[in-house]
Amino acid sequence: MSNFGDMDKFRWWKSAAMILIFILAVLPSPLATGSNTWQKPGCHKVGHTRKISIPNCVEFPITTNACRGYCESWAVPSPADTVMINPHQRITSVGQCCNIMETEN
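Mapping of the sequence shown onto mature numbering (1 follows the signal peptide of the UniProt record, and there is no 0): residues -34 to -1, 1 to 71, in sequence order.
Structure representation (structure tokens):
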């Protein structure tokens, strides 16, 4: 009977450890996310303003937009038609990187 109790304790601790590992893996870390928006996962548009100075002309500010951040990528099982064409390609990589599709004033 004592042996059965020890096994229950072991299972309880094992379950508790697995839950703790899951929670730590799922919760975002403040070090990983950063304080700036562009340091967080994903792509973010960031504006940058500079003063343009050309001799004998009026100075003026100009703002340009740029994409900053991290590209997101993942893998999925290849569609059936892809596997039929290339039987060795069982996994397809998908990526999503930054781009600017619209202009702003």
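Even glycine gets a Cβ: it sits at the ideal position worked out from N, Cα and C.
Among the options, which residue has its Cα nearest to the Cα of residue i?
i, options, result
"TRP40", "ILE(-12), LYS11, LYS(-26), THR58", "THR58"
"CYS37", "CYS9, LEU(-15), PHE26, ARG(-24)", "CYS9"
"SER61", "THR15, VAL42, VAL49", "Before going further, note that residue 61 is Gly rather than Ser in the sequence given. Selected option, being the one with the closest Cα: VAL42."
"GLY13", "LYS(-21), SER19, ILE28", "ILE28"
For chain B, find out if any of its Cβ atoms is closer than 8 Å to the Cβ of residue i; answer yes or no.
i, result
"SER59", "Any reference to chain B falls outside this structure, which holds one protein chain only."
Any chance the segment 24 to 34 sits against the segment 43 to 58, with 3 or more Cβ pairs inside 8 Å?
no
What alpha helix (DSSP H) runs, 4 residues minimum, are completely inside the segment 22 to 64?
46 to 51
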